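If you're matching positions, the sequence shown starts at 18 in my numbering and goes up one per residue.
Think of the CB as a built atom: it goes at the ideal place given N, C-alpha and C, for glycine as much as any other residue.
Quick caveat, the model's predicted, so the values are computed rather than measured.
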Amino acid sequence: MNSRQKKTLARIIAAAVLLIAAVLLPLGGPWKLIAFLAPYLLVGGDVLWRSVVNISHGEVFDENFLMSIATVGAMFTAEYSEGVAVMLLYQIGELFQSVAVGKSRKSIAELMDIRPDHANVLRGGEIVSVTPDEVELGETLIIKPGERVPLDAVILEGSGSVDTAALTGESMPVDVAAGDEVMSGSINLTGLLRAQVKSVYAESTVSRILELAENAADRKAKTEDFITKFAKYYTPAVVLGAALLGVLPPLLLSEPWTKWIHRALIFLVVSCPCALVISVPLSFFGGIGGASKRGILVKGSNYLEALSKVKTVVFDKTGTLTRGTFTVSAVHPEGMESGTLMALAASAERFSTHPIARAVVQGVPECREPEEAEEVAGCGVRAVIGGLEVLAGNGRLMESRGVKFTPCREPGSVIYVAAGGKFAGSIVVTDEVKPDAREAVERLHAMGVSHIAMLTGDTVESAEAVGRKLGIDEILGKLLPAGKVEAVERLIHEREGALAFVGDGINDAPVLSRADVGIAMGALGSDAAIEAADVVLMDDAPSRVAEAIAISKRTVGIVWQNIIFALAVKAVILVLSAVGYAGMWLAVFADVGVAMLAILNAMRTIK
């Protein structure tokens, strides 16, 4: 408990003691009223004051107003003990809510602990300690054992183990050595590391995570918005209903005023929408916090709610279902040696950033530098090497340049090579499927996802080889970025429920934005993909998609449990109070008791 909560608890205990004393002491007349006013003002003075302040600002119909009018009315009708008890139990419920919200916020606060305090930078031969945002790109960091990695960096010297649990939810440490990348926010467990800064603090992994977490509360789910609007109209409606209940029967039926005013006050206590107004946002907040512990960052409760409705999941292939680490598996030359074909292709692909191109270049120790080189978007590269025009890319590139080629049907990504306008052969590059990819597909089917598709720019043969292995329902290959968007739009119109797209590359950003829920592989994904996505998976495991959907379904399920429970109990007791079968204590249960039960239920989302 914080200091404010402790003070509230002390007031509640003191007021409870004074209430018991007032009930037990044989007092009468004004002394009895004074004895009950002391605990009432002690525990409810702040509620009365907030009600007055809110009314002066034009905010009349809120829970402070309901509690004030109900308890003041009870005191005026000489129901002293009930008036004090209602305010006392209301404050207990408020304290309970404050503690529950604090626990929920703690899970987000734990995520905030990944923020590095300082960075040790090597400058002029000396180690200088500065704040992370003062470090420039390319500078050298010295990361000691036990320290948090301040910025995304590449290890130059040293080796050790790094704890990435706060980022990815993965409890096992990761072994790193020279050449490996380390993410900001992770902890260096063993070994002194010398690393070169890969990105400035504003663009680092830890900065992006903190920004996502801090902004998550701004994006409300439709259910939250509904409850907010519901309370806005519900509260004045029940106040009007209570006023009519207290006035009409005495006027029309000549019933005693005291009897019906008391019933109206009970009606007001029962009608307070605390359980809904508190528990629904708390449930979503807890769900987001619980997901963050597992390395799943959800940008808002609206996306968490949308995830629960997902019936179609579309995966990108390379880097999402596969590792994105390519190797040359076959070379088919035509009219030249295999080594010559590889050398031509590697020289042409030398400056390409595409992972398939890098695989070809890595297979050739020495490459010639082309006199000219240009990338043909979605097709491959064109280069001039020793005065000879070389084309290296997919079948579309060959067709666009009028080169007759022999199609290769082997599984994998095929690079066709042409030299001097003639077909020179093909190179097959394959990608390894991620170990949990099949498990991800099976879990999604098991939890009710009716259709799973895979989109890729690779050949249809390569796509089908991976898709059949994983048990995917629909496989589409040879797609340009625009083709992926078209495929997703078609699936959105054809399939029921929401559609989620999972991708990691910069060319996935348009599809991530178009899908009902965009899910980016965050740890290795591009900045554009993470920016466009609604959910970010920090450890790049496809099985996390099923986990994210499971968390969303559980959270939304708890939200609706609270809504149905609270409305059902209140509806029953409102009717009973109107006809005189519900007393003030039952009204207190309908308000404070239901709110406390709803909060307890909402706190399950944190786990």
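Legend entry - Length of the line joining the Cα atoms of residue 501 and residue 297: Position 484 of the sequence shown, counting from 1, holds the residue named residue 501. Position 280 of the sequence shown, counting from 1, holds the residue named residue 297. Taking the straight line joining both Cα atoms gives about 36 Å.
Legend entry - Contacts around residue 392, its chain only, beta-carbon distance under 6 Å, and the 5 residues preceding and following it disregarded: The residue you call residue 392 lines up with position 375 of the sequence shown. Cβ within range, chain order: 398.
Inset, instruction - Could I get the ranges of all uninterrupted beta strand (DSSP E) runs contained in the region 483-558, with 3 residues as the minimum, in chain order? - result: 491-493, 515-520, 534-538 and 552-554
Inset, instruction - Please classify residue 598: does DSSP put it in a helix, a strand, or coil? - result: Start at 1 with the first residue of the sequence shown, and residue 598 comes out as number 581. Coil at residue 598, not helix or strand.
Legend entry - C-alpha distance - residue 573 paired with residue 551, whole-angstrom precision: As a first step, residue 573 is located in the sequence shown; it is residue number 556 there, counting from the start. As a first step, residue 551 is located in the sequence shown; it is residue number 534 there, counting from the start. Spanning the two alpha carbons is a distance of roughly 17 Å.
Legend entry - Cβ separation of residue 168 and residue 218, assumed to be a contact under 8 Å, to the nearest whole Å: Here residue 168 corresponds to residue number 151 of the sequence shown, with the count starting at 1. Here residue 218 corresponds to residue number 201 of the sequence shown, with the count starting at 1. About 6 Å; that satisfies the 8 Å criterion.
Legend entry - DSSP-derived helix/strand/coil call for residue 281: For the purposes of this step, residue 281 is taken as the residue at position 264 of the sequence shown. In the structure shown, residue 281 sits in a helix (DSSP, three-state: H, G or I).
Legend entry - residue 485 classed as buried or exposed, judged by whether at least 16 other C-beta atoms fall within 10 angstroms: Translated into the one-based positions of the sequence shown, residue 485 becomes position 468. Classification for residue 485: exposed.
Inset, instruction - For residue 32, collect the residues of the same chain with a Cβ closer than 7 Å to its Cβ; drop the 5 residues on either side in sequence, then sort them by chain order. - result: To locate residue 32, count along the sequence shown from 1; it is residue 15. Excluding residues within five positions, the ones whose Cβ falls inside 7 Å are 56, 59, 60 and 105.
Legend entry - Beta-carbon proximity check, residue 406 vs residue 438, cutoff 9 Å: By 1-based counting over the sequence shown, the position of residue 406 is 389. By 1-based counting over the sequence shown, the position of residue 438 is 421. It is a contact, given that the beta carbons lie within the stated cut-off.
Legend entry - DSSP-derived helix/strand/coil call for residue 275: The residue you call residue 275 lines up with position 258 of the sequence shown. If DSSP states are grouped into helix, strand and coil, residue 275 belongs with the helices.
Legend entry - Contact check, residue 160 vs residue 112, beta carbons under 9 Å: In the sequence shown, counting from the first residue as 1, residue 160 sits at position 143. In the sequence shown, counting from the first residue as 1, residue 112 sits at position 95. No. Outside cutoff.
Inset, instruction - Going by CA-CA distance only, name the one from 211, 345, 23 and 469 that's closest to residue 513. - result: Mapped onto the sequence shown, residue 513 falls at position 496. Out of 211, 345, 23 and 469, 469 has the C-alpha closest to the C-alpha of residue 513.
Inset, instruction - Can you tell me which of 446, 27, 295 and 460 puts its alpha carbon nearest to the alpha carbon of residue 346? - result: As a first step, residue 346 is located in the sequence shown; it is residue number 329 there, counting from the start. Out of 446, 27, 295 and 460, 446 has the C-alpha closest to the C-alpha of residue 346.
Legend entry - Neighbour-count burial assignment, residue 162, 16 or more Cβ in a 10 Å radius: For the purposes of this step, residue 162 is identified with residue 145 of the sequence shown, where counting begins at 1. Per the 10 Å Cβ criterion, exposed.
Inset, instruction - Measure the Cβ-Cβ separation of residue 374 and residue 400 and say whether it is below 9 Å. - result: Mapped onto the sequence shown, residue 374 falls at position 357. Mapped onto the sequence shown, residue 400 falls at position 383. It is not a contact, given that the beta carbons lie outside the stated cut-off.
Legend entry - Under 9 Å between C-beta atoms of residue 330 and residue 517: Your numbering for residue 330 matches position 313 in the sequence shown. Your numbering for residue 517 matches position 500 in the sequence shown. Yes, Cβ-Cβ distance for residue 330 and residue 517 is below 9 Å.
Inset, instruction - Tell me, please, whether the region 276-288 touches the region 253-267 by the rule of three or more beta-carbon pairs shorter than 8 Å. - result: yes
Legend entry - Beta-carbon contacts of residue 530 that lie in its chain and below 7 Å, excluding the five residues immediately before and after: Counting from 1 along the sequence shown, the entry for residue 530 is found at position 513. 549, listed in sequence order.
Legend entry - residue 195 Cβ short of 8 Å to the ligand MN heavy atom set: Only the bare structure without any ligand can be found here, which leaves the ligand MN out of the picture.
Inset, instruction - Report the rounded CA-to-CA distance for residue 483 versus residue 314, giving the unit in angstroms. - result: Translated into positions along the sequence shown, residue 483 becomes position 466. Translated into positions along the sequence shown, residue 314 becomes position 297. Their backbone Cα atoms lie some 28 Å apart in a straight line.
Inset, instruction - Figure out for me which residue from 480, 497, 359 and 420 has the closest Cα to the Cα of residue 395. - result: Translated into positions along the sequence shown, residue 395 becomes position 378. Cα-wise, what sits closest to residue 395 is 497.
Inset, instruction - Kindly confirm or deny that the region 555-572 and the region 602-618 touch, where touching means at least three C-beta pairs closer than 8 Å. - result: no
Legend entry - Proximity to residue 308 [Cα-Cα], best of 555, 247 and 286: Taking the first residue of the sequence shown as 1, we reach residue 308 at position 291. The candidate whose alpha carbon is nearest that of residue 308 is 555.
Legend entry - Distance, residue 417 Cα to residue 403 Cα: Counting from one through the sequence shown, the residue named residue 403 turns up at place 386. Counting from one through the sequence shown, the residue named residue 417 turns up at place 400. Near 23 Å, if we compare the C-alpha coordinates of residue 417 and residue 403.
Inset, instruction - Report the rounded CA-to-CA distance for residue 202 versus residue 155, giving the unit in angstroms. - result: Along the sequence shown, read from residue 1 onward, the residue named residue 202 stands at position 185. Along the sequence shown, read from residue 1 onward, the residue named residue 155 stands at position 138. Rounded to the nearest angstrom, the two C-alpha atoms are 18 Å apart.
Inset, instruction - Could you check if residue 355 is buried or exposed, using at least 16 other CB atoms within 10 Å of its CB as the buried criterion? - result: For the purposes of this step, residue 355 is taken as the residue at position 338 of the sequence shown. By the 10 Å Cβ count, residue 355 comes out exposed.
Inset, instruction - Only counting runs of 3 or more residues, tell me where the beta strand (DSSP E) segments fall wholly within the region 155-194, in order along the chain. - result: 157-160, 170-174, 177-180 and 191-193
Legend entry - Nearest candidate by alpha-carbon position, reference residue 430, set 420, 441, 419 and 449: Locating residue 430 in the sequence shown gives position 413, where the first residue counts as 1. Among 420, 441, 419 and 449, the Cα nearest to that of residue 430 belongs to 449.
Legend entry - Proximity below 9 Å, CB of residue 619 to CB of residue 586: Numbered from its first residue, the sequence shown carries residue 619 at position 602. Numbered from its first residue, the sequence shown carries residue 586 at position 569. Contact: no.
Inset, instruction - Tell me whether residue 150 is buried or exposed, calling it buried when 16 or more other Cβ atoms sit within 10 Å of its Cβ. - result: Locating residue 150 in the sequence shown gives position 133, where the first residue counts as 1. Classification for residue 150: exposed.
Inset, instruction - With a 10 Å radius around its C-beta and 16 neighbouring C-beta atoms as the bar for buried, classify residue 422 as buried or exposed. - result: As a position in the sequence shown, residue 422 is number 405, starting the count at 1. Buried, since its Cβ has 16 or more Cβ neighbours within 10 Å.
Legend entry - Alpha carbon of residue 142 to alpha carbon of residue 194, nearest angstrom: Locating residue 142 in the sequence shown gives position 125, where the first residue counts as 1. Locating residue 194 in the sequence shown gives position 177, where the first residue counts as 1. Cα to Cα, the separation comes out at about 23 Å.
Legend entry - Sequence-distant residues of the same chain with beta carbon closer than 6 Å to residue 35, five excluded per side: Position 18 of the sequence shown, counted from the first residue, corresponds to residue 35. Counting only Cβ-Cβ distances below 6 Å, and skipping sequence neighbours, we find 55 and 56.
Inset, instruction - Compare the beta carbon distance of residue 476 and residue 411 with 9 Å and say whether it is the shorter of the two. - result: One-based indexing of the sequence shown puts residue 476 at position 459. One-based indexing of the sequence shown puts residue 411 at position 394. Against a cut-off of 9 Å, the Cβ pair of residue 411 and residue 476 comes out as a contact.
Inset, instruction - Taking 8 Å as the threshold, find out whether the region 34-51 comes into contact with the region 88-105 through three or more Cβ pairs. - result: yes
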